[in-house]
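Residue numbers (the numbering used here): 159 to 302.
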C-alpha cells in the first residue's frame, strides 16, 4: 500500500474539527509522599523533579490566552510543589475550574495541615485515587 492510499480519507468519514481547548493538565513534578507500584510516572519521596514557578507562570499565560476554563493538576503529589497554592490561586483568578488529583494521604503529612481547608475555600475539585478498598492491599500497593 502506498503512502497516498493510507492518507486518503474515505468520503463517508466525518470531518474532524478542533474546538476550543477546554482543559489543560499539568504535572507539577515527580515528588510524592507515596511509592505506589502502579504509578505510571514512578513518583516517590526520593524524586526531586518539580515544576518551577517560571514554568507555572508560562502555563497561566497560555491558559489565559487560550481562554481555557479548566486546570487539571497532577503529579506525584502536586501539593508538595512549593508553588502549588500560587498556581491554584492564579488559576482561580483567571476563572478556571481547578482539579487536584490527590492521593489524600498528603493531607496527613507534616506542613499540610491547612491543605484541606485551602482546597475547600478555593472550591478545588479533588479527584482521589484509592487502588483498593482493603487497607492491607492499599498499603501494599502504595509501598508500605
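Where a beta carbon is used, it is the ideal one built from N, C-alpha and C, also for glycine.
(request) Would you identify the three-state DSSP class for residue 257, choosing helix, strand or coil? (result) Counted from its first residue, the chain shown places residue 257 at position 99. In the structure shown, residue 257 sits in a strand (DSSP, three-state: E or B).
(message) What does the alpha-carbon distance come out to for the pair residue 190 and residue 214?
(response) Residue numbering aside, residue 190 sits at position 32 when the chain shown is read from its first letter. Residue numbering aside, residue 214 sits at position 56 when the chain shown is read from its first letter. Looking at the two C-alpha atoms, the distance is approximately 19 angstroms.
(message) Considering just the uninterrupted stretch of the beta strand (DSSP E) at residue 231, what are its terminal residues?
(response) Counting from one through the chain shown, the residue named residue 231 turns up at place 73. Residues 228-232.
(request) Measure the C-alpha to C-alpha separation of residue 177 and residue 264 and round it to an integer number of angstroms. (result) On the chain shown, residue 177 is found 19 positions in, with the first residue counted as 1. On the chain shown, residue 264 is found 106 positions in, with the first residue counted as 1. Approximately 36 angstroms, taken between the alpha carbons.
(request) Give the straight-line distance between the Cα atoms of residue 225 and residue 179, rounded to the nearest whole angstrom. (result) Your numbering for residue 225 matches position 67 in the chain shown. Your numbering for residue 179 matches position 21 in the chain shown. Taking the straight line from one Cα to the other gives about 8 angstroms.
(message) Taking 7 angstroms as the limit between beta carbons, can you name the residues of its chain near residue 159, skipping five residues before and five after?
(response) Counting from 1 along the chain shown, the entry for residue 159 is found at position 1. Because residue 159 carries a pLDDT of 49, less than 50, the predicted location of this residue cannot be relied on, and no value is offered for it.
(request) In the DSSP assignment, find the unbroken alpha helix (DSSP H) run with residue 286 in it and report its ends. (result) As a working mapping, residue 286 is identified with position 128 in the chain shown. Taken as a continuous stretch (DSSP letters only), residue 286 belongs to no alpha helix (DSSP H), being part of the beta strand (DSSP E) at 283-286.
(request) Give every residue of the same chain whose Cβ lies closer than 7 angstroms to the Cβ of residue 270, excluding the five residues on either side of it in the sequence, and list them in chain order. (result) As a first step, residue 270 is located in the chain shown; it is residue number 112 there, counting from the start. The residues are 237 and 264.
(message) Once DSSP output is grouped into helix, strand and coil, what is the label at residue 181?
(response) One-based indexing of the chain shown puts residue 181 at position 23. Of the three classes helix, strand and coil, the one that applies to residue 181 here is strand, per DSSP.
(message) Taking only three categories from DSSP, how would you classify residue 300?
(response) Residue mapping note: residue 300 aligns to position 142 of the chain shown, counting from 1. If DSSP states are grouped into helix, strand and coil, residue 300 belongs with coil.
(message) Could you tell me the alpha carbon to alpha carbon distance between residue 211 and residue 172, rounded to whole angstroms?
(response) By 1-based counting over the chain shown, the position of residue 211 is 53. By 1-based counting over the chain shown, the position of residue 172 is 14. Roughly 42 angstroms separates the two Cα atoms.
(request) Quick one: grab the DSSP three-state call for residue 192. (result) Numbered from its first residue, the chain shown carries residue 192 at position 34. Correct three-state label for residue 192: coil.
(request) Identify whether residue 208 lies in helix, strand or coil by the three-state DSSP scheme. (result) Here residue 208 refers to the residue found at position 50 when the chain shown is read from its first residue. Note: residue 208 maps to strand in three-state DSSP.
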